[in-house]
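Below you'll find the structure, written out as structure tokens, and then a few comments.
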Amino acid sequence: MMRLTNWYTHAVDNRYHVFEFRDTDLANEFASDLQQAEIPFERAPAEAKEGGQTVERFGIHRSAFKEALRINHLLHGRYRQPFIPHLGLRWFMLLFTAAVVLLALIGWWRS
Numbered sequence: 004m005m006r007l008t009n010w011y012t013h014a015v016d017n018r019y020h021v022f023e024f025r026d027t028d029l030a031n032e033f034a035s036d037l038q039q040a041e042i043p044f045e046r047a048p049a050e051a052k053e054g055g056q057t058v059e060r061f062g063i064h065r066s067a068f069k070e071a072l073r074i075n076h077l078l079h080g081r082y083r084q085p086f087i088p089h090l091g092l093r094w095f096m097l098l099f100t101a102a103v104v105l106l107a108l109i110g111w112w113r114s
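The C-terminal position of the sequence shown is numbered 114 in the working numbering, with every residue numbered one higher than the one before it.
Written out as structure tokens, the structure is:
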């Protein structure tokens, strides 16, 4: 089953949510952030997957899920790449979209 997020509800015990990391550095930083926020967690031993990739899992009780999810989002936000990496293209797309919306509003207003 393919997941769009790196977390899911535990398959056996729905009182827990599982956060899954395929990068050891991100997993270590997530553990550090959880400790700083004083959120209790369980960390499973790293599991080797196909292709030599390791998966690290963290179990978080549902009472601390919202705060852990916030920490997870902030962690990924620190390392994410921009959707449109080229600055000039990003501004062009923004201005082009604004011009199209403006033309649509003018057309609606005049009709």
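Note that beta-carbon positions come from the ideal geometry of N, C-alpha and C, so glycine has one too. Here the structure is a predicted model, which is why all the values come from computation and not from measurement.
Would you please state the rounded distance, in angstroms, between the beta carbons of residue i and residue j? I believe it to be under 8 Å.
i	j	result
Glu-59	Ala-30	4 Å
Ala-34	Arg-25	That belief does not hold up - the Cβ atoms of Ala-34 and Arg-25 are roughly 15 Å apart, past 8 Å.
Tyr-19	His-64	6 Å
Val-21	Phe-61	7 Å
Ala-71	Ile-42	6 Å
Ile-87	Arg-93	4 Å
Helix, strand or coil: which one does DSSP assign to residue i?
i	result
Phe-12	Reading off the sequence shown, one finds Thr at residue 12, where the question assumed Phe. Strand, per DSSP.
Glu-45	strand
Ala-30	helix
Ala-51	strand
Phe-86	coil
Ala-107	helix
Ala-71	helix
Ala-40	coil
Gly-35	According to the sequence provided, residue 35 is Ser. The question's Gly does not apply to it. Three-state result, Ser-35: helix.
For the beta strand (DSSP E) containing residue i, list its first residue and its last residue.
i	result
Arg-60	57 to 64
Phe-22	19 to 24
Could you tell me the alpha carbon to alpha carbon distance between residue i and residue j, rounded to whole angstroms?
i	j	result
Asn-75	Met-96	30 Å
Ile-109	His-79	40 Å
Thr-57	Ala-51	4 Å
Val-103	His-89	21 Å
Ala-40	Arg-73	11 Å
Phe-44	Asp-28	17 Å
Starting from residue i, follow the alpha helix (DSSP H) in both directions and report where the run begins and ends.
i	result
Leu-7	Where Leu-7 is concerned, there is no enclosing alpha helix (DSSP H), given that its DSSP letter is neither H nor E.
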